[in-house]
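Residue numbers (the working numbering): 31 to 492.
Beta carbons: idealized from backbone N, C-alpha and C, even for Gly.
Values in this document were obtained by computation on a predicted structure and should not be read as measured data.
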Amino acid sequence: MSSSSLVWFRRDLRLHDNPAWVAATQRSQSLTALYVLDDTLLATAGKHRRNQLLAELVALDRHIEHVTGGRLHIRHGDSTAIVPKLAGSFDAVYWNSDVTPYATRRDRFVLDGVRAAGADVHTSWGTLHHPPGSVLTGKGTLSKVFTPFYKVWRRTGVAPWPATTDDHSVSVTADPGQHRELVSLITDEPPLPPGEEAALDRLDCWLGRVDQYNDARDFPATDGTSMLSADLRFGTVSPRRISALVGEASDGRQGFVRQLSWRDWWAHTLLGFPDLARRSVRPEYDGIAWNNDESEFASWCDGQTGYPIVDAGMRQLNETGWMHNRVRMIVGSFLVKDLLIDWRWGERYFRRMLIDADIAQNAGNWQWVAGTGPDAAPYFRIFNPISQSRKFDAGGGYLRRWVPELAALDDKTIHEPWIGAPLDLASAGIVLGDTYPAPIVDHAKARDRTLAAYKAVKNPKP
DNA sequence: TTTTGAGTTGTTCGA
DNA sequence: GTCGAACAACTCAAA
């Protein structure tokens with residue numbers, strides 16, 4: 031029995047369903063809760079995610095204080111130096127593992143340092159439903175196709191995590207710490223109410239809508255998705271708590287849990303291919319002659335492409351740090367297949383801007399959209415931004431919300447304002463190229479260009 | 001070892 | 001307006 035333990039929080043900012051926290055409370059007399067604000071990670075986070083993270087830490091601190099009377103210790107700097115240095119004062123250090131190459135390297139380093147300092151290390155998996163590497167094909171390999179993975183995932187039972195720690199006899203240390211510095215870094219309201227209680231409220235609210243998931247999920251003007259992506263990113267809710275409460279009693283519930291398995295699938299994929307964010311899983315596609323036009327990329331980032339559904343999505347991302355899933359696919363397809371810009375540019379921008387940014391999910395889904403990854407969309411599957419807009423935002427509610435300068439257009443014209451008669455545009459207060467951009471590419475031509483570029487690397491001429 | 005069936009989310013064209 | 005085929009073969013997983 032260890033008497034004093036350090037629990038290092040990272041992407042598991044909760045006390046419920048937290049294997050590292052529960053293991054430490056069961057085996058210790060005294061606990062210290064630690065978070066290390068890593069400059070490398072802070073520097074790559076856009077404003078929304080930075081504010082969300084900082085607010086989550088404040089909330090976790092309050093929650094720990096409320097439940098145990100202790101505090102979250104905040105340290106600012108490099109984990110590989112800080113954690114081993116602190117470890118010398120403890121018998122053991124606990125944390126939940128992470129699958130990204132950065133975290134894997136860092137944790138290996140920290141583990142050596144902690145052991146050298148004379149403390150034990152206990153790691154668990156608390157951020158994924160099934161730990162990466164635990165769902166395998168019949169031959170014991172990582173599956174490269176989603177559906178067989180899902181079949182195994184679904185029938186693989188998971189040992190239940192201890193739901194929470196009722197054992198509050200353990201003493202959790204307080205800290206004079208750096209909370210004031212933490213609060214001073216917050217520049218704006220975070221996009222979502224922070225903390226695990228708010229996250230569990232969102233989950234509870236989602237349980238009232240999840241039965242309609244399959245019917246509602248694709249329509250960005252409606253409230254058809256769970257809004258739990260950032261909670262999964264920060265670990266304010268556990269994926270197993272979600273699947274346990276959602277269950278499989280309806281098609282909507284099964285469809286939603288299936289999406290949770292996609293999250294594990296990408297983590298498995300990253301485990302087998304750590305370069306997921308840097309190289310195409312199908313190497314031939316790294317030979318594509320990208321157009322990579324800086325000015326077109328800037329228009330995409332700013333939501334000024336002249337395609338309303340694309341601009342709506344990018345503006346939602348820029349203003350809130352979040353984008354509806356259907357629209358993520360549309361803007362992703364537009365960047366890669368209409369602008370012929372390297373998917374890595376889009377991956378990097380999303381990773382900076384999204385509050386739910388996660389290497390495995392983000393890089394994996396970008397490779398899916400680009401058709402360069404495992405089990406990806408076939409390369410000739412090119413979204414038509416106008417048909418997608420008409421199909422999934424027929425009433426224009428999403429467009430009017432995020433591209434308000436087009437709000438006065440009728441439901442047909444708003445998806446493609448350039449077809450509007452000059453008089454109609456004028457009466458809606460629109461001057462194309464002035465109040466709203468003219469389309470920066472012609473979709474039909476762009477489509478042909480992309481088909482040719484992809485074909486060229488698939489069937490290279492001798 | 002060989003065979004067989006399957007594979008997240010689409011679009012366009014022509015009958 | 002609706003429907004099916006073509007898009008392009010290929011890789012993977014399991015029998």
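Sequence-distant partners of P161 (beyond 5 residues in either direction) whose C-beta falls short of 7 angstroms from its own C-beta, in its chain, are W155. I360 and I339 have their C-alpha atoms roughly 8 angstroms apart. The DSSP-derived three-state label of N355 is helix. Between the alpha carbons of G376 and A133 lies a distance of about 22 angstroms.
Inclusion of I412 and E446 in the CB contact set at 7 angstroms is not warranted, their separation being larger than that value. With respect to the C-alpha of G163, the residue from G302, T402, L222 and P404 having the closest C-alpha is G302. With at least 16 other beta carbons inside 10 angstroms of its own, A63 counts as buried.
Looking from the CA of L429, the closest CA among T153, Y337 and T217 belongs to Y337. Nearest C-alpha to A117 among N322, F264 and L36: L36. Rounded to the nearest whole angstrom, the C-alpha separation of K488 and L481 is 11 angstroms. Taking 4 residues as the shortest admissible run, the region 216-303 contains the following complete alpha helix (DSSP H) segments, listed from N- to C-terminal end: 226-237, 243-246, 259-264, 269-276 and 281-302.
Under the DSSP definition of a beta bridge, S154 partners with N126. It is roughly 21 angstroms from the alpha-carbon of D253 to the alpha-carbon of I444. Burial state of W296 is buried, judged by a 10 Å Cβ sphere holding 16 or more other Cβ atoms.
For the alpha helix (DSSP H) assignment, the uninterrupted runs of no fewer than 4 residues enclosed by the region 367-424 are, from N- to C-terminal side, 373-383, 389-400 and 415-422. Distance between T465 and P452, taken at the CA atoms: about 14 angstroms. Shortest Cα-Cα distance from G76 to any of W432, T350 and G459 involves T350.
Proximity of the region 49-69 to the region 92-104 meets the contact definition, three or more beta-carbon pairs being nearer than 8 angstroms. When secondary structure is reduced to three states using DSSP, A85 falls in the helix class. For T70, the enclosing alpha helix (DSSP H) starts and ends at D69 to A73. Residue pairing for L102: DSSP places it in a beta bridge opposite A63. Taking a C-beta distance under 7 angstroms as the contact criterion, F249 and F364 do not qualify as a contact pair. At least 7 angstroms separates the beta-carbon of D405 from that of V165. Contact between R79 and I385 is confirmed by a C-beta separation of about 5 angstroms, below the 8 angstroms threshold. When the beta-carbon positions are compared, R312 and T402 come within less than 7 angstroms of each other. Between P114 and V151, the C-beta gap is not smaller than 7 angstroms, which leaves the two residues out of contact. Spanning the alpha carbons of Q56 and R239 requires a straight line of approximately 37 angstroms.
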